[in-house]
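Step one of this worksheet: look at the structure below.
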């Protein structure tokens with residue numbers, strides 16, 4: 022058994038862990054980065070990247086079909102084998118060789134294996150023990166949560182991992198969960214020829230977004246042949262040689278060759294040795310604005326494992342904050358972190374939002390007004406072809422005359438989001454936003470139309 026002292030040990034080499042390790046090593050600290058699977062983490066191989074690779078082909082085809090002169094050049098159906106091959110290229114065939122040069126360039130030492138805490142500042146990996154002089158950063162992410170449905174876990178359904186990396190399109194796919202993952206993968210596999218049934222226990226898909234966004238996504242899924250069932254909660258799941266059967270107390274059964282569970286996440290805290298430092302082993306690592314785990318002076322938690330904001334970009338932001346705190350800088354997580362963080366669902370239409378919805382702003386006690394405008398009702402919209410859906414809503418705090426929320430739906434609206442994020446997080450006054458003149462003919466002119474409708 023080898024024993025070594027280093028400045029910082031980072032557990033987990035996903036986007037958050039990589040960011041923390043790179044920032045600390047770049048500042049001159051000696052860092053060991055421990056990873057038990059693939060460098061790059063869930064997002065790179067089993068979540069964000071492969072799901073977008075599955076969605077993009079049909080979206081590109083549909084955009085071409087809306088533009089006369091281009092649509093005549095595209096015939097036939099999607100080439101499923103080619104789509105899956107491109108997906109495999111994006112995720113590097115589940116190998117992390119392409120990720121390693123980034124670490125090497127920054128001098129970060131990678132140790133492969135499962136890490137566990139063994140007392141304060143002590144991390145055990147196999148036969149090696151690392152003692153952190155300054156801090157330990159936990160960035161182990163999250164895994165699939167299973168709703169309490171009889172027989173579900175025992176039936177061994179797909180999680181997001183199989184749902185994004187399957188080598189063939191399922192014949193008949195049932196999806197439990199109408200959030201981002203469920204909606205994206207339902208649409209992706211439907212576009213590749215699968216019959217898809219999307220089952221959501223609540224009354225709406227993507228329930229935390231604006232009502233118009235929920236309706237547009239549900240309508241789009243139905244138009245593409247997805248059988249959308251809201252207010253439906255399975256009571257039992259069974260499996261046989263033919264596939265899965267979902268049983269409902271108030272409706273007939275649903276059969277499927279494959280079953281995907283997309284109903285929430287759980288933090289990867291098991292087997293981390295948290296009991297050795299007096300922390301619970303069955304809940305997220307609770308942190309404050311500095312990312313320091315409550316009750317400790319040396320342990321930080323960033324990304325999904327702290328349960329704060331389960332988004333890759335926010336995990337990376339948290340990692341930068343944690344690294345800077347370790348380096349002695351007086352920084353905290355911005356107010357954009359949490360449920361109001363910028364977020365994108367890459368369905369067609371896309372849903373991109375930051376800050377409050379109209380409903381959540383009112384629930385928070387704000388005096389707000391919503392202003393809506395069709396995303397395509399500007400000159401730049403004509404280049405995206407006729408029939409492209411989409412709406413923009415800004416939510417304005419009337420007392421301060423600043424944006425507290427914005428939601429975009431439509432084709433390729435994700436790129437609109439950062440401007441809205443700057444406006445919301447920066448609390449940019451409406452008069453100053455109005456003076457920020459958008460270029461013609463771009464779809465960014467929608468900002469001008471929104472502010473004019475507000476009365477500027």
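Residue numbers (the working numbering): 22 to 477. Note that beta-carbon positions come from the ideal geometry of N, C-alpha and C, so glycine has one too.
Roughly how many whole angstroms lie between the Cα atoms of residue i and residue j?
| i | j | result |
| --- | --- | --- |
| residue 459 | residue 473 | 13 Å |
| residue 144 | residue 159 | 11 Å |
| residue 246 | residue 355 | 41 Å |
| residue 280 | residue 113 | 25 Å |
| residue 77 | residue 375 | 23 Å |
| residue 154 | residue 141 | 10 Å |
| residue 202 | residue 83 | 21 Å |
| residue 269 | residue 220 | 11 Å |
| residue 299 | residue 421 | 45 Å |
| residue 39 | residue 125 | 12 Å |
| residue 243 | residue 249 | 7 Å |
| residue 213 | residue 267 | 23 Å |
| residue 45 | residue 27 | 12 Å |
| residue 411 | residue 396 | 5 Å |
| residue 238 | residue 285 | 19 Å |
| residue 318 | residue 444 | 35 Å |
| residue 184 | residue 206 | 7 Å |
| residue 152 | residue 43 | 19 Å |
| residue 308 | residue 322 | 7 Å |
| residue 327 | residue 175 | 28 Å |
| residue 199 | residue 227 | 6 Å |
| residue 103 | residue 188 | 11 Å |
| residue 294 | residue 146 | 12 Å |
| residue 139 | residue 271 | 50 Å |
| residue 251 | residue 94 | 39 Å |
| residue 348 | residue 41 | 11 Å |
| residue 224 | residue 236 | 11 Å |
| residue 90 | residue 32 | 53 Å |
| residue 409 | residue 346 | 46 Å |
| residue 435 | residue 361 | 16 Å |
| residue 289 | residue 34 | 13 Å |
| residue 278 | residue 415 | 42 Å |
Anyone know if the C-beta pair for residue i and residue j falls short of 8 Å?
| i | j | result |
| --- | --- | --- |
| residue 134 | residue 57 | yes |
| residue 64 | residue 302 | no |
| residue 478 | residue 70 | The structure shown does not extend to residue 478, since the chain is modelled only from 22 to 477, so the question has no answer here. |
| residue 136 | residue 55 | yes |
| residue 359 | residue 383 | no |
| residue 222 | residue 275 | no |
| residue 216 | residue 182 | no |
| residue 108 | residue 74 | yes |
| residue 324 | residue 162 | yes |
| residue 101 | residue 179 | no |
| residue 471 | residue 413 | yes |
| residue 406 | residue 462 | no |
| residue 148 | residue 23 | yes |
| residue 234 | residue 430 | yes |
| residue 157 | residue 320 | yes |
| residue 2 | residue 30 | Residue 2 lies beyond the residue range present for the chain, which begins at 22 and ends at 477; the question has no answer from this structure. |
| residue 363 | residue 454 | no |
| residue 197 | residue 168 | yes |
Please return the same chain residues whose Cβ sits closer than 7 Å to the Cβ of residue i, not counting the five positions on each side in sequence.
| i | result |
| --- | --- |
| residue 230 | 372, 374, 378 and 428 |
| residue 172 | 257, 258 and 259 |
| residue 210 | 190, 191, 194 and 217 |
| residue 36 | 62, 64, 333, 336 and 337 |
| residue 296 | 302 |
| residue 287 | 163, 164 and 166 |
| residue 344 | 41, 44 and 45 |
| residue 353 | 310, 311 and 342 |
| residue 105 | 188 |
When you compare the CB of residue i with every CB in chain B, is at least one pair closer than 8 Å?
| i | result |
| --- | --- |
| residue 179 | No chain B appears in this structure, which consists of one protein chain only. |
Cutting at 8 Å between CB atoms, please list the residues of its own chain near residue i, excluding the five before and the five after it.
| i | result |
| --- | --- |
| residue 116 | 59 |
| residue 417 | 389, 390, 391, 392, 423, 424, 425, 451 and 475 |
| residue 92 | 85 and 86 |
So is the beta-carbon of residue i under 7 Å away from any non-hydrogen atom of the ligand ZN?
| i | result |
| --- | --- |
| residue 260 | Questions concerning the ligand ZN fall outside what the structure shown contains, since it holds no ligand whatsoever. |
Kindly list the residues whose CB is nearer than 6 Å to the CB of residue i, restricted to its own chain and excluding five residues on each side of it in sequence; keep chain order.
| i | result |
| --- | --- |
| residue 80 | 369 |
| residue 466 | 399 and 459 |
| residue 72 | 185 and 205 |
| residue 6 | Nothing can be reported for residue 6, as the shown portion of the chain is limited to 22 through 477. |
| residue 25 | 151 |
| residue 120 | 60 and 61 |
Practice task
Any chance you could list the alpha helix (DSSP H) runs of at least 4 consecutive residues sitting entirely within the stretch 29-85, in chain order?
Solution key: With a minimum length of 4 residues, the continuous alpha helix (DSSP H) runs that stay inside the stretch 29-85 are 36-47 and 62-67.
Handout entry: Stretch-stretch touch, CB-based, cutoff 8 Å, three pairs: the stretch 250-261 with the stretch 389-396
Key = With contact defined as three or more Cβ pairs closer than 8 Å, the stretch 250-261 and the stretch 389-396 are not in contact.
Practice task
Let me know the beta strand (DSSP E) ranges lying completely inside the stretch 306-375, each 3 residues or longer, listed in chain order.
Solution key: Whole beta strand (DSSP E) segments, 3+ residues: 320-322 and 364-366.
Exercise for the section: Check whether the stretch 311-324 touches the stretch 335-349, taking contact to mean three or more Cβ pairs, one atom from each stretch, closer than 8 Å. Expected result: Counting C-beta pairs closer than 8 Å gives three or more between the stretch 311-324 and the stretch 335-349, which meets the contact rule.
Handout entry: Every unbroken alpha helix (DSSP H) within the stretch 221-290, with a cutoff of 4 residues, ordered by chain
Key = 232-244, all fully within the stretch 221-290.
Exercise for the section: Output the residue ranges of the beta strand (DSSP E) runs that lie fully inside the stretch 421-471 and measure 3 residues or longer, sorted by chain position. Expected result: Whole beta strand (DSSP E) segments, 3+ residues: 423-431.
Problem - Length at least 4, wholly inside the stretch 99-160: the alpha helix (DSSP H) runs in chain order - result: The stretch 99-160 contains these whole alpha helix (DSSP H) runs: 101-111 and 121-127.
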